[in-house]
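Using this note's numbering, you'd call the opening residue of the sequence shown number 1 and step up by one each time.
Don't be surprised by glycine CBs; every beta carbon is placed ideally from N, CA and C.
Data block below; observations after.
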Amino acid sequence: MKTRRCLGLFMLGLCAFSFFFSFSLGLASGEKSAAKRPAALRSIGRVGVTLEVSGVVLDSQSNPISEVSVFAWNSGKRVYAETDKTGRFRLPNMSIQSRNVYARADGFRFCGITIKPGAKDIRIKLIRSGEPATRVMQTLPDLPSLEQAYDSLSNHFGPFAKKCIAAAEKTDRLRPLEVLACVEPAWVLQYLQTNPFEEAWFNDYVRWAAAEVLLDQNMDDALAIVHSLESPMWRSMGCTKIVDALTDTQQARKLSLLAEALLQAHAVEAPDKQLATLSVIAGQFLDLGQTEQATRILQEGHRTAKTLPTKEWPGYARGGLAEVLARIDLKSAMALVTGYEDDFDHDRHHGNIAHKLAATDPANAQRVLNMMRTKRNRERWSS
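Put into structure tokens, the structure is as follows:
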């Protein structure tokens, strides 16, 4: 947990530092940026220019491979294709800025290649899992400790971030405040008292970032911050996060916090947001062996879930309840995840239900997994 948080801390710091470095220097105008672009690109503009990337996937003996999942990132979205019997694939409407294409197939090593700008026909060569690797790769050095990450961010990022926060527009303060909360939570909490966001959600978001750091240092301080959050949903979810951080020997405190989380959840007005919170609480009660309490919460949530649509956030909350409900009532859970139009939404909830069942009911877990619509999602949830 600490290692993941340490890595995330550095990534957030890097993103925020990059943003504010650009902010402090001032960004060039669109006209100036366009003037610096190569002449061949000035006339085609920044958006709307696409091309088709096609190619073939071969094995080490130059034989075509069928049913290979090929994908690339295109303007922030992942685009998929599958090779035919001749090993060929096509990715239409790709942005000219797309640079990398990846290929995955059973029995072969995962492969990613960088394509040259404007390349339309490419060749990807996959190596079978049992064949020797064509390249020897070395692991990266060990990640720095959490304490080293704190020191580095505090010494190098902290002073600079404070200056930029003071000069930034209100909405631009969110990310640097979140990162700064990881190393100087007291400063950030004090800052928010005198310089709050107009939107309560932003205040709670940053305060929770400070509380999350304190989970490893002082649980009582973290809980005090949770109690100060403005939104009952944030207070409820904060309690569930603290429950996750407690040890198995602290069951009495876990149950007390879950009772508080349940009380706060019932104060959430939006049905879909309340449902999402109740689902987490019910799952934690089940983990603690409190089946009767969990069942009551799930029955309450089930009545709400049946009234929600299967799209967007309400659909996500509906499916989240089904994922927990499947642990005690698979039939009702599967009825909730029927009718999702979007393939990924449908497959995500089916895959998560399969994971919940895998340890206790492997036969039904496999049955639910087989109900997923797309091959790539089945592969993803099976791995």
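Residue i - containing alpha helix (DSSP H), residue span
i, result
"LEU357", "343-357"
"LEU255", "251-265"
"ILE225", "219-228"
"VAL368", "362-370"
"TYR340", "Neither: TYR340 is in no alpha helix (DSSP H) and is coded neither H nor E."
"ALA81", "No alpha helix (DSSP H) holds ALA81; the beta strand (DSSP E) holding it covers 77-82."
"LEU275", "271-287"
"MET233", "232-245"
6 Å Cβ shell around residue i - same chain, five flanking residues per side excluded
i, result
"ALA354", "ALA365, VAL368, LEU369"
"GLN264", "PRO232, ARG235, SER236"
"ARG378", "MET372"
"GLN293", "PHE285"
"THR83", "VAL57, SER66, VAL68, PHE89"
"ALA317", "ASP272, LEU275, ALA276"
"SER145", "none"
"ALA363", "none"
"ALA358", "ALA365"
Other residues of its chain near residue i: CB distance less than 7 Å, five sequence neighbours each side excluded
i, result
"THR374", "ASP343, ASP347"
"GLY30", "Bear in mind that the predicted position of GLY30 carries a pLDDT of just 43, short of 50, making it unreliable; the figure below should be weighed with that in mind. Closer than 7 Å at the Cβ level, and outside the excluded window around GLY30, lies no residue."
"PHE23", "Any reading at PHE23 must be qualified, since the residue scores a pLDDT of 44, below 50, and its modelled position is unreliable; no value is offered."
"ILE432", "The requested residue 432 does not occur in the structure, where the chain is confined to residues 1 to 383."
"TRP313", "ASP272"
"PHE202", "LEU174"
"ALA200", "GLU230, SER231"
"LYS36", "No answer about LYS36 holds up, because its pLDDT of 46 lies below 50 and its placement is not dependable."
"GLY238", "TRP208, ALA211, VAL226, LEU229"
"THR134", "ILE127"
Cutoff 8 Å; reference residue i; Cβ partners in own chain excluding five residues on either side
i, result
"VAL47", "Residue placement at VAL47 is flagged as unreliable, the pLDDT there being 46, under the threshold of 50; the coordinate-derived value follows with that caveat. Cβ within range, chain order: n/a, list empty."
"GLN274", "MET233, ALA265, HIS266, VAL268, THR304"
"ILE458", "Beyond the ends of the chain as shown, which are 1 and 383, falls residue 458; an answer cannot be given."
"SER383", "none"
"GLY112", "ASN100, VAL101, TYR102, ALA103"
When the options are compared against residue i, the one with the closest alpha-carbon
i, options, result
"ASP361", "GLU341, TRP381, SER383, LEU330", "LEU330"
"ASP121", "GLN217, GLU52, ARG303, ASN93", "GLU52"
"PRO176", "ALA210, THR194, GLN193", "ALA210"
"ASP216", "GLU147, GLN284, PHE202", "GLU147"
"PRO185", "ALA166, PHE197, LEU153", "LEU153"
"GLU131", "TRP73, VAL56, ARG109, ASN352", "ARG109"
"SER405", "ALA359, GLN190, HIS349", "Summary: the structure shown does not reach residue 405, with the chain confined to residues 1 through 383, and so no result is reported for it."
"ALA119", "MET137, ILE127, SER54", "SER54"
"GLN290", "LEU126, ALA103, GLN251", "GLN251"
Rounded distance between the beta-carbons of residue j and residue i, thought under 8 Å
i, j, result
"LEU91", "ALA105", "Rounded, the Cβ-Cβ distance is 16 Å, inconsistent with contact."
"LYS254", "LEU288", "6 Å"
"GLY107", "SER75", "Not confirmed; about 32 Å, so no contact."
"ALA149", "LEU180", "Actually they are not in contact, since the Cβ atoms of ALA149 and LEU180 sit about 13 Å apart, beyond 8 Å."
"ARG327", "LYS356", "6 Å"
Cβ pair residue i, residue j closer than 9 Å
i, j, result
"ASN100", "ILE124", "no"
"GLY315", "SER279", "no"
"GLN284", "ASP244", "yes"
"GLY320", "ASP345", "no"
"THR86", "SER66", "yes"
"PHE71", "ARG376", "yes"
"LEU325", "LEU336", "yes"
"GLU323", "ALA333", "yes"
"GLN197", "VAL206", "One detail in the question is off: residue 197 reads as Phe in this sequence, not Gln. Cβ distance < 9 Å, so PHE197 and VAL206 count as in contact."
Span of the beta strand (DSSP E) around residue i
i, result
"GLY390", "Lying before the first or after the last residue shown, residue 390 is absent from the chain, which here runs from 1 to 383."
"ASN93", "88-95"
"PHE71", "69-74"
"ASN100", "100-104"
"LYS125", "121-125"
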